[in-house]
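Peer 1: For the sequence shown, my numbering puts the final residue at 229, and the numbers step up evenly by one.
Before anything else, here's the structure in question.
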Amino acid sequence: MEKKSYTFEEIRQKLVNYCVYQDRCHAEVEQKMRDFLLIPEAKDEIFLYLMKENYLNEERFTRSYIRGKFYIKHWGKNKIKMNLKMKGITEKLIANCMDEIDSSDYEKTIIRLFENYSATKKGLKDYQKKSKTISHLLSKGYEYDVVLDLINK
Numbered sequence: 077m078e079k080k081s082y083t084f085e086e087i088r089q090k091l092v093n094y095c096v097y098q099d100r101c102h103a104e105v106e107q108k109m110r111d112f113l114l115i116p117e118a119k120d121e122i123f124l125y126l127m128k129e130n131y132l133n134e135e136r137f138t139r140s141y142i143r144g145k146f147y148i149k150h151w152g153k154n155k156i157k158m159n160l161k162m163k164g165i166t167e168k169l170i171a172n173c174m175d176e177i178d179s180s181d182y183e184k185t186i187i188r189l190f191e192n193y194s195a196t197k198k199g200l201k202d203y204q205k206k207s208k209t210i211s212h213l214l215s216k217g218y219e220y221d222v223v224l225d226l227i228n229k
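Next comes the structure, spelled out in structure tokens:
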């Protein structure tokens, strides 16, 4: 099947729509551009346009990603950081944006996850329940010392 070819303007508009639909990071836009087989100059021009017109904003993307993954998916900070790094977001930007997570919300969320998860582990010995719960919380991206503090309360 032959790929449909688009004009520069059509491609630019498609990428604007892609960014308007949901905040995107540079890596996602770059990946999307690969579908269009653009020459490097055209890519650069579109990138500059998207940034200048504020369709593409790495900080806004990072902040909204952090809020979504924590408040909707209940991921811990470690998992959020790791996934942002995989998207090419810098360590410094990630650290600056982590204030999107309210510390009391973080504590309440981990306590709720702990209670809900350990309630599902009926019939296990205490140490088994504890170790399964620790594993679960670590897999959700919560920090080991935070999980231990909670378990040992």
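Even glycine gets a Cβ: it sits at the ideal position worked out from N, Cα and C.
Note that the structure is a prediction, hence the values are computed from the model and not measured.
Jot down the residue ranges of each uninterrupted alpha helix (DSSP H) in the region 128–180, minimum 4 residues, whole runs only, in chain order.
Peer 2: 134–147, 153–162, 167–173
Peer 1: Quick one: give me the first and last residue of the alpha helix (DSSP H) that Phe-84 is part of.
Peer 2: By 1-based counting over the sequence shown, the position of residue 84 is 8. Element bounds for Phe-84: 84–97.
Peer 1: Closest to Asp-175 by C-alpha separation, out of Phe-123, Glu-135, Ile-187, Glu-86, would be which residue?
Peer 2: Along the sequence shown, one-based indexing puts residue 175 at 99. When each option's Cα is compared against that of Asp-175, the closest is Glu-135.
Peer 1: From what residue to what residue does the alpha helix (DSSP H) around Asp-225 run?
Peer 2: As a working note, residue 225 is residue 149 in the sequence shown. Unbroken alpha helix (DSSP H) run through Asp-225: 220–227.
Peer 1: Under 7 Å Cβ to Cβ from Ile-156, same chain only, skipping five residues before and after it: list those, please.
Peer 2: Within the sequence shown, the letter at position 80 stands for residue 156. Closer than 7 Å at the Cβ level, and outside the excluded window around Ile-156, lie Ile-142, Lys-145, Phe-146, Gly-217.
Peer 1: Indicate the three-state DSSP secondary structure (helix, strand or coil) for Thr-196 in the structure shown.
Peer 2: Reading the sequence shown from its first residue, position 120 is the one you call residue 196. DSSP places Thr-196 in coil when its eight states are reduced to three.
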